[in-house]
Amino acid sequence: MAFSANVPSMAEGKKIFIFPNEQNVVTSIPLWMKFFCYDYNASAAGRASAYNRSQNVVSIPGMTNLKSLICVPAPAHFVSSTQHTYKPEEKIYEDDIVSMGISATKTAITIADFALMLAKPTYLFGRIGLELGKYAANKGLELAGYNQLVQSDFTDQVYKSGGQVRSYEISLYMPCLSIEDSRKAGEIIRAFEALSLPTATSLLDAKSTFFYHPPLWIFGIGPLDSYKFDPDWSGYPQISVLKAVKSKKIALDVDSLSALSNGLGVFKPIAYTLTLIFQELEPAVRVTGLGTELSTFITNRSGVITSGGVRLPIVNPL
């Protein structure tokens, strides 16, 4: 199933979430985990490398719409994982010998077909036209694949991607000092859950419903009021999908269900835990230049094709 930019959802307004809610606490926190959520885009320019390496600054993907920015204090644990699947060395077994026999039979049929072509010129030109048509169709598909690069499918929210897949697990703990803090934490968890899902949009008085690819994410650790990330804390994650969201609501005393209250009969959890698993949308690659120094520059395929892995940064997202 192919997806393009999520045009209907571009009418949505951007929403910024910052936890905790208490401003005096916010100003005392030096490091933040920042999650930038964008509309999906099928074009390579919309999925290019997430960073300008010279400045350690986040880059906005081309032709995309920022849907949300979520900021929480930097977590105690940030785990990244790189996993490769390589094709094993090919060996010849009995089944392969049988396959060779079938191939030989096909070759004999092809020779007989060629003799028929020489005997009947119309058949010859018909076959040439058919083969040219097949070639053009295959070339078109190949070029489409080159332009769009890797299209990740989703089936029941399970993502499939070929090549070098990197994933990231982020565990957050959000203790709440007030009922407003608790409300804000609850909003953030609902936002992560909702923005991990495909989008459904109904048009023409609900007579037509369209489903769109889940949003894309860029994330990292750095100061609150800029797009800068510190790669020693968060590395260089590329544009990802949010693969899993797991949350837990905590009371101070489970037996008595102690919670935060506004004194008017409203009770909220006193703390939340949240585990997020992100998976890069495209395979990662290592990029080398003409210099003699060993390169450890990692980007995604879109970044290599469209921008050489470097994109223009945007400063001050808030």
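Residue numbers for the sequence shown follow this note's numbering, beginning at 25 and rising by one.
From the three backbone atoms N, C-alpha and C, an ideal C-beta is built for every residue, glycine too.
Quiz item: For E317, does the count of other Cβ atoms within 10 angstroms reach 16, so buried, or fall short, so exposed?
Solution: Mapped onto the sequence shown, residue 317 falls at position 293. Flag for E317 reads exposed.
Practice problem: State the DSSP-derived secondary structure class of L298, mapped to helix, strand or coil. | Solution: The count along the sequence shown starts at 1 and reaches residue 298 at position 274. Here L298 sits in strand by DSSP.
Self-check item: V328 - DSSP class collapsed to helix/strand/coil
Solution: Numbered from 1 along the sequence shown, position 304 holds the residue referred to as residue 328. In this structure, V328 counts as helix in the three-state DSSP scheme.
Quiz item: Looking at the structure shown, is L219 part of a helix, part of a strand, or coil, going by DSSP?
Solution: Here residue 219 refers to the residue found at position 195 of the sequence shown. Here L219 sits in helix by DSSP.
Quiz prompt | In chain order, each alpha helix (DSSP H) run of at least 4 residues that lies wholly inside the stretch 226-263 | solution = Taken in chain order, the whole alpha helix (DSSP H) runs of length 4 or more contained in the stretch 226-263 are 255-258.
Practice problem: Could you say which of P54, F60, N48, S52 lies nearest to F41 if we only look at CA atoms? | Solution: Within the sequence shown, numbered from 1, the residue matching residue 41 stands at position 17. With distances taken between CA atoms, F41 lies nearest to F60 out of P54, F60, N48, S52.
Exercise. With distances taken Cα to Cα, identify the nearest neighbour of P238 among Q107, G37, L55, Y62.
Key: Here residue 238 is taken as the residue at index 214 of the sequence shown, counted from 1. P238 has its Cα closest to that of Y62, out of Q107, G37, L55, Y62.
Quiz item: Between which two residues does the alpha helix (DSSP H) containing V49 stretch?
Solution: Within the sequence shown, numbered from 1, the residue matching residue 49 stands at position 25. Where V49 is concerned, the enclosing alpha helix (DSSP H) starts and stops at 47-50.
Quiz item: What number of angstroms, rounded off, separates the C-alpha of A72 from the C-alpha of I329?
Solution: Taking the sequence shown and counting its residues from 1, one reaches residue 72 at position 48. Taking the sequence shown and counting its residues from 1, one reaches residue 329 at position 305. Within the model, the alpha-carbon separation for A72 versus I329 is close to 8 Å.
Quiz item: Between G289, S226, E217, I53, which lies nearest to V265 when the distance is taken from Cα to Cα?
Solution: Your numbering for residue 265 matches position 241 in the sequence shown. Of the candidates G289, S226, E217, I53, E217 places its Cα closest to the Cα of V265.
Exercise. Report yes if the C-beta distance between E306 and P261 is below 8 Å; otherwise report no.
Key: By 1-based counting over the sequence shown, the position of residue 306 is 282. By 1-based counting over the sequence shown, the position of residue 261 is 237. E306 places its beta carbon 8 Å or farther from that of P261.
Quiz item: So what does DSSP say about A308, is it helix, strand or coil?
Solution: Mapped onto the sequence shown, residue 308 falls at position 284. Residue state, collapsed to three classes: strand.
Self-check item: Delimiting residues of the beta strand (DSSP E) encompassing Q107
Solution: Looking up residue 107 in the sequence shown gives position 83. Q107 -> beta strand (DSSP E) spans 101-107.
Practice problem: Inspect the beta-carbon positions of I213 and L298 and report whether they are closer than 8 Å. | Solution: Within the sequence shown, residue 213 is the residue found at index 189, counting from 1. Within the sequence shown, residue 298 is the residue found at index 274, counting from 1. Against a cut-off of 8 Å, the Cβ pair of L298 and I213 comes out as a contact.
Practice problem: If I'm right that N80 touches F253 with Cβ under 8 Å, what's the distance once you round it to whole angstroms? | Solution: Working through the sequence shown from its first residue, we reach residue 80 at position 56. Working through the sequence shown from its first residue, we reach residue 253 at position 229. Their Cβ separation, rounded to whole angstroms, is 6 Å, which keeps N80 and F253 in contact under 8 Å.
Quiz item: Can you tell me where the beta strand (DSSP E) with L196 in it begins and where it stops?
Solution: As a first step, residue 196 is located in the sequence shown; it is residue number 172 there, counting from the start. According to the DSSP assignment, L196 belongs to the beta strand (DSSP E) that extends over 189-199.
Self-check item: Through-space distance from L90 to Q47, alpha-carbon basis
Solution: For the purposes of this step, residue 47 is taken as residue 23 along the sequence shown, with counting starting at 1. For the purposes of this step, residue 90 is taken as residue 66 along the sequence shown, with counting starting at 1. Q47 and L90: Cα-Cα distance of roughly 24 Å.
Exercise. Count the other CB atoms, across all protein chains shown, that sit within 10 Å of the CB of D249; report buried if there are 16 or more and exposed otherwise.
Key: Here the question's residue 249 lines up with position 225 in the sequence shown. That one is exposed.
Quiz prompt | DSSP state of I212 mapped onto helix, strand, coil | solution = Your numbering for residue 212 matches position 188 in the sequence shown. In the structure shown, I212 sits in a helix (DSSP, three-state: H, G or I).
Quiz item: What first and last residue would you give for the beta strand (DSSP E) that runs through L90?
Solution: Start at 1 with the first residue of the sequence shown, and residue 90 comes out as number 66. It spans 90-97 - the beta strand (DSSP E) in which L90 sits, taken as one unbroken run.
Quiz item: Is the beta carbon of P293 less than 8 Å from the beta carbon of A275?
Solution: Looking up residue 293 in the sequence shown gives position 269. Looking up residue 275 in the sequence shown gives position 251. A contact, by the Cβ cut-off of 8 Å.
Quiz item: Per DSSP, which one or two residues make a beta bridge with S282?
Solution: Start at 1 with the first residue of the sequence shown, and residue 282 comes out as number 258. Within the DSSP bridge table, the entry for S282 names no partner.
Exercise. Grab the span of the beta strand (DSSP E) containing K39 for me, first residue to last.
Key: Counting from 1 along the sequence shown, the entry for residue 39 is found at position 15. DSSP places K39 in the uninterrupted beta strand (DSSP E) bounded by 39-42.
Self-check item: Member of N324, R207, D256 whose CA lies at the smallest distance from the CA of K273
Solution: On the sequence shown, position 249 is the one that residue 273 refers to. Out of N324, R207, D256, R207 has the C-alpha closest to the C-alpha of K273.
Quiz item: What residues in its chain sit with their C-beta under 7 Å from that of A209, if we drop five residues either side in the sequence?
Solution: Within the sequence shown, the letter at position 185 stands for residue 209. In chain order, F43, M198, C200, Y296 place their CB closer than 7 Å to the CB of A209, counting only its own chain and leaving out the 5 sequence neighbours on each side.
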